[in-house]
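Protein chains in written order, with our numbering: chain D, 1 to 146; chain Y, 1001 to 1146. Just so it is clear, CB atoms sit at the ideal spot from N, CA and C, and this is done for glycine as well. These numbers were taken from a predicted model, which means no experiment stands behind them. Okay, so here's the structure we're looking at.
2 protein chains.
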Amino acid sequence: MEPVSMLLAMAYRAMGDQFHERLRAVELEPLRPAHGYVFRFLAERRATAQDLAAHLGVTKQAAAKIVSELVEWRYVQREPHPTDKRAQYVTLTTKGRDYLKFADGMWADLEAEMASVIGTAELHALKGNLKKYLDHVGVHHLRPVW
Amino acid sequence: MEPVSMLLAMAYRAMGDQFHERLRAVELEPLRPAHGYVFRFLAERRATAQDLAAHLGVTKQAAAKIVSELVEWRYVQREPHPTDKRAQYVTLTTKGRDYLKFADGMWADLEAEMASVIGTAELHALKGNLKKYLDHVGVHHLRPVW
DNA sequence: TATGGTTAGACAACCAAGTTGACTACTTCA
DNA sequence: TGAAGTAGTCAACTTGGTTGTCTAACCATA
């Protein structure tokens, strides 16, 4: 039997491929996986470009480039930082939140398909065990898989 | 609860991070994930650069570059194609097979750690369900997650 | 058996997404 | 209040890919 690592990679890639295939049908701007990680991060907090850089695991210059792109496409906007005049907060616009909602819907569809294949209880157990493992290794949030 | 897609990505990335961390301690050449996919593919068959390109989902030129690199490091070697004078087979050297064995051992260690956290039976069920899903979506072998 | 279409691999020019390094303006702390 | 550190920008470079072109070899068919 294949190692779990390989099965995890295959399953993740299979879902991701279907996600992007469905996405291609509707989207305008060429959104890449990195953008998804940004949206998801910004959904939970206000963040500076530096915060994003740390989260994505890239340099601040790379993060700044991504932010500029997303600002241009109006998915995010810059706001003055209340206390630090050097910094700017980056936040989701309505368009950004709408996109995230749409993407979450597609992920949920793919999850439902998985549930229909392996069963709801099995899916629930699978998720529970993955969480247990993640908790054990101390991973608590999604970082990019590149 | 997070979507499965996210849990799969997190778990895969968590295992991958540990793998590369352990790898860093011993390796000489700067092997990247792409190389792992090449080794694993070559372990099962003789392949031309074109076959590799198709498997990796990159152009033949990109595949050729990777092959040249691995030949230089002596992980793989080129062999004349028996019937097609244009083509060359790429095969693993002893060094390549040794590396693969070593890597598989590390993946097995990480899997054992997972088993110790969630239980052997649970791990077995998890793998079985992932395979069932992969079978349903028609994915039968590992393609790179980039 | 000649010939036209296809394919494997090499070479070159280019591109995208990251990097490092340097700088300014502002912040923080002893 | 001065020195060290930090947010963001600009510019040069690196890397890992791309497209485009070419040659030699293959293969189908008339």
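Compare the C-beta of Y/Val-1145 with all C-beta atoms of chain D and state if any pair is closer than 8 Å.
yes
Since Y/Val-1117 meets chain D, which of its residues come closer than 7 Å, beta carbon to beta carbon?
Lys-132, Tyr-133, His-136
Helix, strand or coil for Y/Ala-1025, going by three-state DSSP, please let me know.
coil
Taking all protein chains shown into account, decide if Y/Phe-1102 is buried (16 or more other Cβ within 10 angstroms of its Cβ) or exposed.
exposed
Can you check the segment 55-135 of chain D for any alpha helix (DSSP H) of at least 4 residues that lies completely inside it and give the ranges in chain order?
60-72, 94-118
By DSSP, does Y/Ala-1047 sit in helix, in strand, or in coil?
strand
Give every residue of the same chain whose Cβ lies closer than 8 Å to the Cβ of D/His-55, excluding the five residues on either side of it in the sequence, and list them in chain order.
Tyr-37, Phe-41, Ala-47, Arg-143
Simplified DSSP assignment, three categories, for D/Pro-3
coil
Supposed contact pair Y/Lys-1127 and D/Leu-7 - C-beta distance, whole angstroms, cut 8 Å
6 Å
Using CA atoms only, rank isn't needed, just tell me which of Y/Lys-1060, Y/His-1141, Y/Lys-1132, Y/Val-1137 is closest to D/Gly-119.
Y/Lys-1132
In this structure, does DSSP put Y/Pro-1030 in helix, strand or coil?
coil
Looking at chain Y, which residues of the segment 2-13 of chain D have a Cβ within less than 8 Å of any of its Cβ atoms?
Glu-2, Pro-3, Val-4, Ser-5, Met-6, Leu-7, Leu-8, Ala-9, Met-10, Ala-11, Tyr-12, Arg-13
Of the residues Y/Val-1071, Y/Gly-1105, Y/Val-1058, which one's Cα is nearest the Cα of D/Glu-2?
Y/Gly-1105
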